[in-house]
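Worksheet: one structure, shown below.
Protein chains in written order, with the working numbering: chain S, 117 to 269; chain R, 117 to 269.
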């Protein structure tokens with residue numbers, strides 16, 4: 117079945133006469149970005165394997181989120197709009213954002229939830245010691261935490 | 117070290133006063149797309165895990181390529197510009213393009229090379245039986261193959 121579809125696909129590629137104008141029935145889409153809104157100027161790794169490959173010289177920040185999660189969205193807005201955080205991430209980190217879990221259980225030391233940040237150092241060790249202020253979800257952050265930090269500092 | 121950087125990062129988020137204007141020293145970048153040029157109107161899975169999740173109802177096409185590989189680039193041009201292939205992929209397949217290998221050895225039945233197409237059916241079986249015309253690289257295609265197919269059909 118798939119084989120047949122692929123043959124059809126190859127044939128159609130050959131006989132088609134219109135180019136570069138495909139528009140889905142549901143209407144034209146905005147191309148998906150690798151940033152998924154967390155910083156269009158950053159160079160994002162696409163997959164965990166790619167992130168690990170590039171993290172030989174810089175630590176890797178892995179960010180788990182969901183596009184329909186209000187907590188992820190609120191945090192994303194702060195991150196994406198802040199120039200300083202974008203600059204540090206751009207210059208000193210390899211960055212990866214994921215909406216699906218990986219097979220590496222080290223990336224979910226206390227469960228699979230979003231938003232969740234894990235760091236992997238250049239020795240490819242997941243740094244479970246880098247935690248937030250939440251004892252029940254040790255790798256999550258909220259936009260309000262940043263304000264709290266401001267007053268504490 | 118990383119821990120200290122992350123603290124700095126959080127502090128800077130709080131004290132920063134400029135928003136959404138970050139431009140890298142090397143100049144403004146064009147946001148990376150998940151399509152990587154293989155069809156901006158398609159809905160691409162980001163990772164193999166995501167592709168497998170979505171392939172419960174449709175077969176998954178996994179495309180390995182490299183952005184600095186001329187063979188990949190030539191094939192990409194044909195694929196991306198052809199409306200029929202884009203339509204079939206959009207409507208009947210889950211699509212994933214990768215520039216890094218996964219940990220699943222089933223996706224490299226005869227080695228790791230690019231460009232390379234593997235199909236995974238909804239039972240999560242990699243269909244090693246869907247091959248091209250090359251006996252030494254059984255999962256690669258060239259733009260010329262499409263012309264050959266046209267005359268044969």
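Ideal Cβ positions, reconstructed from N, Cα and C, are used throughout, including at glycine. Here the structure is a predicted model, which means the values were calculated and not measured.
query, result
"Closer than 9 Å to chain B by CB, residue 210 of chain R", "Here the protein chains are S and R, and chain B is not one of them."
"Contact with chain R by residue 226 of chain S, beta-carbon distance below 9 Å", "no"
"The region 161 to 192 of chain R: positions lying closer than 7 Å to chain S by Cβ", "162, 163, 165, 166, 169 and 175"
"Amino acids of chain R, ordered along the chain, whose beta-carbon sits closer than 7 Å to that of residue 221 of chain S", "Correct list: empty, because the minimum Cβ distance to chain R is about 13 Å."
"Given 8 Å, three or more beta-carbon pairs between the region 207 to 214 of chain S and the region 171 to 187 of chain S", "yes"
"Cβ pair count under 8 Å reaching 3, the region 176 to 194 of chain R against the region 223 to 238 of chain S", "no"
"Residue-level contact to chain R via CB, residue 151 of chain S, 9 Å cutoff", "yes"
"Burial state of residue 163 of chain S, where buried means 16 or more other Cβ atoms lie within 10 Å", "buried"
"Any C-beta of chain S under 9 Å from that of residue 229 of chain R", "no"
"Bridge partners - residue 159 of chain S, DSSP secondary structure assignment", "DSSP lists no partner for residue 159 of chain S."
"C-beta atoms of residue 155 of chain R and residue 196 of chain R nearer than 9 Å", "yes"
"Under 8 Å from the C-beta of residue 215 of chain S: neighbouring residues of chain R", "162 and 166"
"Per-residue burial, residue 213 of chain R [other beta carbons within 10 Å of its own, 16 or more giving buried]", "buried"
"Integer-rounded CB distance, given that residue 157 of chain S should sit under 8 Å from residue 152 of chain R", "Contact doesn't hold; Cβ gap of about 18 Å is too wide."
"Rounded straight-line distance, which links the Cα of residue 143 of chain S to that of residue 237 of chain S", "43 Å"
"Same chain only: Cβ atoms within 8 Å of residue 250 of chain R, ignoring 5 sequence neighbours per side", "256"
"Residue 194 of chain S, enclosing alpha helix (DSSP H) - first and last residue", "186 to 197"
"9 Å Cβ cutoff, residue 218 of chain S in contact with chain R", "yes"
"Option in R:183, R:159 and R:215 with minimal Cα separation from residue 165 of chain S", "R:215"
"Amino acids of chain R, ordered along the chain, whose beta-carbon sits closer than 8 Å to that of residue 243 of chain S", "118 and 119"
"Proximity test, Cβ basis, 9 Å: residue 145 of chain S and chain R", "yes"
"Residues near residue 141 of chain S by beta carbon distance below 7 Å, same chain, minus five either side", "none"
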